[in-house]
Amino acid sequence: MPSRRKFLLGSTAIGATLAVPGLLFAAASPEAVKGASAFISDLAQRAIAILQSSGGKMEAREAQFRVLLSNGFDMPFIARFVLGKHWRKATPQERADYIKLFTEFVLKSYSRRMGGYSGETFSVAGASTAGKKDVMVKTNIVQPGGPPIKANWRVRPLNGEYKIIDIMVEGVSMAVTQRSEFNAVVRRQGMRGLLQTLRARTEKFGVAS
C-alpha cells in the first residue's frame, strides 16, 4: 500500500485543513466546483493515457508527463507554503533557488515512477467548497487486487484556470507533511542545508536545468 501511494502521488507531492493565507474571496461558486471536478478527472485520464502508452521512448513519455503535472500544479504556491515561516527569512536568491529545486524534484519524482503503473483506475467521487475560495475534489484510486485509495485534491480556481495546491491521501496532507520535514531540516542545517538536501535528491534523477 505505501509504495503504491508513492507511485500514484509522488514522495514529495504536494488538505482539507490546509492553512492558506489571504482567503478574502467569496466561497467557490457551483460552476467552480463543477469545473474543478472536471479538471481533476481530465488530468487523471490524460495521465493514465500517458502511462498506458507503449509507443515512443520513455524519455518522451516522461517529458509529456512532466508538462502535464507542471500545468496542473501551482508549484510556486506549494513551494512557498511548504517552506512556511522560513520563506520570509530567505534571501531573494535562496527563494529562487529553492523554488527551482523544489519544482524540479517534485516533477522528476512523479515522472520517474511511470514504470510502476499496473492498471490502476481513477474515479471522482464528489466535490465541494473548501475554505473561502478552493474546491476539494474527492477521488478513489482502485488498485488491481488491492483496496482503493482515497485521495482528495485541493484545487484553486484562478483566472479561469484550475491548479492543484495540495493532495490528501487517506486523510494525510502531502503539503503539511512536507512542511514538517522541511522545517526540521532548516532548523538543523539552515536554508543552505535545505537547498543542499533538495539538490542532492534532485541529482538522483539528473541535474536540474
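When the sequence shown is numbered by numbering that gives the first Met the number 0, its final residue is 208 and no position is left out of the sequence of numbers.
All residues carry an ideal CB built from backbone N, CA and C; glycine is no exception.
Only a predicted model underlies this, so the values are computations on that prediction, with no experimental measurement involved.
Residue from the options whose Cα sits closest to the Cα of residue i
{"i": "Val184", "options": "Thr196, Gln44, Ser110", "result": "Thr196"}
{"i": "Arg31", "options": "Trp152, Gly159, Phe104, Lys149", "result": "Note that residue 31 is Ala in the sequence shown here, rather than Arg. If we check each option's Cα against that of Ala31, Gly159 comes out closest."}
{"i": "Tyr109", "options": "Arg94, Tyr97, Leu67", "result": "Leu67"}
{"i": "Ala35", "options": "Gln177, Lys137, Arg79, Phe104", "result": "Lys137"}
{"i": "Tyr161", "options": "Ala43, Phe72, Met57, Gln44", "result": "Phe72"}
{"i": "Arg191", "options": "Ala27, Ala37, Lys149, Ala89", "result": "Ala89"}
{"i": "His85", "options": "Phe204, Lys203, Thr201, Asn182", "result": "Asn182"}
{"i": "Gln44", "options": "Phe101, Pro75, Met57, Ile140", "result": "Ile140"}
{"i": "Ile163", "options": "Arg153, Val171, Ser172", "result": "Arg153"}
{"i": "Val81", "options": "Gln92, Glu180, Gly125, Ser122", "result": "Glu180"}
{"i": "Pro146", "options": "Tyr97, Glu169, Ala174, Ser40", "result": "Glu169"}
{"i": "Leu194", "options": "Val171, Ser117, Gln92, Leu106", "result": "Gln92"}
{"i": "Met74", "options": "Glu58, Ile98, Gly118", "result": "Ile98"}
{"i": "Phe121", "options": "Lys203, Ser40, Ser28, Lys33", "result": "Ser40"}
{"i": "Leu42", "options": "Asp96, Phe76, Val123", "result": "Val123"}
{"i": "Asn151", "options": "Ala174, Gln142, Leu100, Gly144", "result": "Ala174"}
{"i": "Asp165", "options": "Gln188, Gln142, Lys203, Val105", "result": "Val105"}
{"i": "Ala37", "options": "Pro143, Gly125, Phe101, Gly83", "result": "Gly125"}
Endpoints, the beta strand (DSSP E) within which residue i is located
{"i": "Gly138", "result": "Note that residue 138 is Thr in the sequence shown, not Gly. Element bounds for Thr138: 133 to 141."}
{"i": "Glu160", "result": "160 to 168"}
{"i": "Gly189", "result": "Run containing Gly189: none in the beta strand (DSSP E); it sits in the alpha helix (DSSP H), 173 to 202."}
Burial state of residue i, where buried means 16 or more other Cβ atoms lie within 10 Å
{"i": "Asn70", "result": "exposed"}
{"i": "Ala78", "result": "buried"}
{"i": "Ala199", "result": "exposed"}
{"i": "Glu103", "result": "buried"}
{"i": "Arg186", "result": "exposed"}
{"i": "Leu22", "result": "For Leu22, the predicted structure reports a pLDDT of 35, less than 50, and the residue's modelled location is therefore unreliable. The matter cannot be settled from this model."}
{"i": "Ile13", "result": "The predicted model places Ile13 with a pLDDT of 36, which falls under 50 and marks its position as unreliable; any figure quoted below should be read in that light. Ile13 comes out buried."}
{"i": "Ser172", "result": "buried"}
{"i": "Ala27", "result": "buried"}
{"i": "Arg178", "result": "buried"}
{"i": "Pro20", "result": "For Pro20, the predicted structure reports a pLDDT of 38, less than 50, and the residue's modelled location is therefore unreliable. A value from the coordinates is still provided. Pro20 comes out exposed."}
{"i": "Glu119", "result": "buried"}
{"i": "Thr201", "result": "buried"}
{"i": "Met167", "result": "buried"}
Delimiting residues of the alpha helix (DSSP H) encompassing residue i
{"i": "Lys33", "result": "29 to 51"}
{"i": "Gly144", "result": "Here Gly144 belongs to no alpha helix (DSSP H), and DSSP marks it neither H nor E."}
{"i": "Gly210", "result": "This structure leaves residue 210 out entirely; the chain is present only between 0 and 208."}
(message) For the structure I just gave you, are there three or more beta carbon pairs, one from the region 132 to 146 and one from the region 44 to 54, closer than 8 Å?
(response) no
(message) Quick check: the region 57 to 66 against the region 145 to 160, are at least 3 beta-carbon pairs closer than 8 Å?
(response) no
(request) Any chance you could list the alpha helix (DSSP H) runs of at least 4 consecutive residues sitting entirely within the region 73 to 129, in chain order? (result) 74 to 82, 85 to 88, 91 to 110
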